[in-house]
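Input: a single structure, listed below in structure tokens.
Now the structure itself:
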């Protein structure tokens, strides 16, 4: 069992990238919120950790004060090119977001429902007869990666495993191969862009990016790479993490799965509540570009500020009984996909993947059990997911 982190650590040395935090995230973040919802940490050169719902919303909705363009990272480093539009603000941010958003509306997702369901069942077919599987490696990671590559950006499916690994390592700032992985991801997207420019159009989001006009001129390769790179980063590891975290909850609370099998019409609402509880997009950084005040604390120009989405989603001031799975919440304005101008573009794709995955898993599989709960370890970074998840099950 992971060691309990001290109150002093929570108040003064909070480190969002700590493996010890990843192992104890919900309980530790509850203590951080109670001790000081806007705390000044001395980790990584110093930053403000914003962990309650009200102040997380305030920071995310005021990009003119808390900027993405002036720096997202609390620990330095980053990609070879800017991830667009998340590393932009204002009109420039909106321009790039408007390039991709039309391809991720509910209407745009509807034609993908049947092929995603086919993919889900192909993956289940691969392990159903064994009565056990390593859920992350055999289902949770392949599903969003293959759906994104095959159905959204028309990329070679045989390359998805390599790119998914690069995306995962890149999003872990303390990983020793983070810089190398950023370069590998940049090189892959660059080659993909060149290939797509040289071949007939598919009519997909990639073609829209490559045909874009930026201030009256054609988009550059660097700008296109940054835009497509962000789609990849947002579309792979986060959905995989959500599926893994959700499955752990279903194993620990089998009555949830039983209720959803009996009432599949509740699944859309259940997905929202599960995302609130088990959102894999844990935190994101901002840089203050003007003096400000949060919860009585003076934030100076240039200060780094961390918005902790996962903590805000369990703030009792917004969500009564915040650690409980409840389908009767009158309001569930969770922040699993962020909020404000930088809210995740691919939220509807993630929701669809998760909903269909749960529909088919619950339809085909029964009595899901964790093989060894004590052996579950978590990816520690700006996202959270089980590194591996061996399960056993029976078929329905």
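Numbering (UniProt numbering), first residue to last: 1 to 396. We put the CB at the ideal spot given by N, CA and C, even for glycine.
The beta carbon of residue 223 sits closer than 7 angstroms to the beta carbons of 84 and 214 from its chain, once the five residues preceding and following it are set aside; these are given in chain order.
About 5 angstroms separates the beta carbon of residue 104 from that of residue 345, a gap short enough to meet the 8 angstroms contact definition.
Note that the segment 51-71 touches the segment 283-296; at least 3 beta-carbon pairs, one per stretch, sit closer than 8 angstroms.
Taken through DSSP and simplified to helix, strand or coil, residue 62 comes out as coil.
Beyond the five residues adjoining it in sequence on each side, residue 337 comes within less than 6 angstroms, by CB distance, of 343, 344 and 347 in the same chain, given in chain order.
Taking C-beta atoms as the reference points, residue 163 and residue 232 count as a pair closer than 9 angstroms.
Shown here, residue 316 sits in coil according to DSSP, grouped into three states, outside any helix or strand.
Here residue 380 is buried, its C-beta having at least 16 other C-beta atoms within 10 Å.
For the pair residue 112 and residue 146, the Cα-to-Cα distance works out to about 12 angstroms. Taking each of 63, 32, 127 and 240 in turn and checking the Cα distance to residue 352, the smallest one comes out for 240.
When C-alpha distances from residue 329 are compared across 364, 18 and 266, the shortest belongs to 266. Cα atoms of residue 334 and residue 128: separation of roughly 34 angstroms, rounded to the nearest angstrom. Residue 158 is bridged by DSSP to nothing; it lacks a bridge partner. About 12 angstroms separates the beta carbon of residue 37 from that of residue 314, a gap too long to meet the 8 angstroms contact definition.
Counting C-beta atoms within 10 angstroms of its own C-beta, residue 197 has fewer than 16 neighbours from the protein chains shown and is therefore classed as exposed.
Distance from the CA atom of residue 289 to the CA atom of residue 216, rounded to whole angstroms, is 29 angstroms.
Here residue 393 is not near residue 356, since their CB atoms are 9 angstroms or more apart. Per DSSP, reduced to three states, the secondary structure at residue 305 is strand. In the DSSP assignment, residue 386 is bridged to 378.
A distance below 9 angstroms separates the beta carbons of residue 280 and residue 385. Per the C-alpha coordinates, the member of 256, 209, 221 and 7 positioned closest to residue 102 is 209. Here the alpha carbon of residue 273 sits roughly 7 angstroms from the alpha carbon of residue 332.
Between the segment 30-45 and the segment 305-320 there are three or more C-beta pairs closer than 8 angstroms, enough to call the two in contact.
Annotation for residue 285: no alpha helix (DSSP H) segment contains it, though the beta strand (DSSP E) segment containing it runs 283-288. In the DSSP assignment, residue 292 falls within the beta strand (DSSP E) that extends over 292-294.
In the three-state reduction of the DSSP assignment, residue 333 falls in the coil class. Proximity of the segment 35-54 to the segment 251-259 falls short of the contact definition, fewer than three beta-carbon pairs being nearer than 8 angstroms. Non-local beta-carbon contacts of residue 182 in its own chain, meaning distances under 6 angstroms to residues more than five positions away in sequence, involve 79, 80 and 170 in chain order.
In this structure, residue 166 and residue 143 do not form a Cβ contact; the two beta carbons are roughly 18 angstroms apart against a cut-off of 8 angstroms. For residue 187, the uninterrupted alpha helix (DSSP H) segment begins and ends at 178-197. Across the structure, residue 160 and residue 7 are spaced so that their CA atoms are roughly 42 angstroms apart.
By the beta-carbon neighbour count (other beta carbons within 10 angstroms, threshold 16), residue 318 is buried. By the beta-carbon neighbour count (other beta carbons within 10 angstroms, threshold 16), residue 377 is exposed.
Residue 370 is bridged by DSSP to 391. Per the DSSP secondary-structure output, residue 232 pairs with nothing in a beta bridge.
Contact between residue 67 and residue 89 holds: their C-beta atoms lie close to 5 angstroms from each other, under 8 angstroms.
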